[in-house]
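Encoded as structure tokens, the structure appears first; notes follow it.
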Amino acid sequence: MAVSVRTIYEKKKRVRLKLKLTAFAAGLLALLGAFSYLNWEKNIFEFKEVVLSGAGDRSREELLSGLPGQGNGPISFFSSVRVSHPAIAGAAIHRDYFNRILRIEITERERYGVWCADACFWFDREGLLFSPAPRAEGALVRRVRDTTGR
């Protein structure tokens, strides 16, 4: 039985395709293994330092209590970072991947007035109560007294 040249060519083509797919799969597996090693063993994809600016009179622990690195584990490059506190109006988050530093610039709410019922609280221009305040007297501070008892 004679084997045609076309059949030999097709067999070689299939063998080359299998070799290419095997090499691609091996390379992908090696890349995944290197990524896993660097992530879990060397912690190369985690921030080393958190720099906080614009915090005012708030404590660092109070403001960063919701971040993953503050008692809940390390802050990864891939994790979402949210700073939530009633006294914070906004936060700008800058990630420096090369130096592995997370910079958080905080903008605090502006104290606009004092709302007093049983206790007093500061409120901002939108009317959001955000922190305890002393009992206010005089005309320098806007004061709202709630006597409805609700």
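Each residue of the sequence shown is one higher than the last, beginning at 831 in this note's numbering. Here a beta-carbon is modelled for each residue, glycine too, at the ideal position from N, C-alpha and C.
Here the alpha carbon of LYS878 sits roughly 45 Å from the alpha carbon of LEU847.
When the Cα atoms are used, PHE928 and PHE953 turn out to be separated by approximately 40 Å. With respect to the 9 Å criterion, ALA917 and VAL944 are not classified as neighbours on the basis of their beta carbons. Within the stretch 925-958, the runs of beta strand (DSSP E) that reach at least 3 residues and sit entirely inside it are, in chain order, 931-938, 943-946 and 950-953. Counting along the chain, SER883 sits inside the beta strand (DSSP E) bounded by residues 879-883. If you look at THR837, you'll find it in the alpha helix (DSSP H) that goes 835-870. Cβ contact annotation for GLU935 (same chain, cutoff 6 Å, sequence separation greater than five): SER883, GLY884 and ALA922, in chain order.
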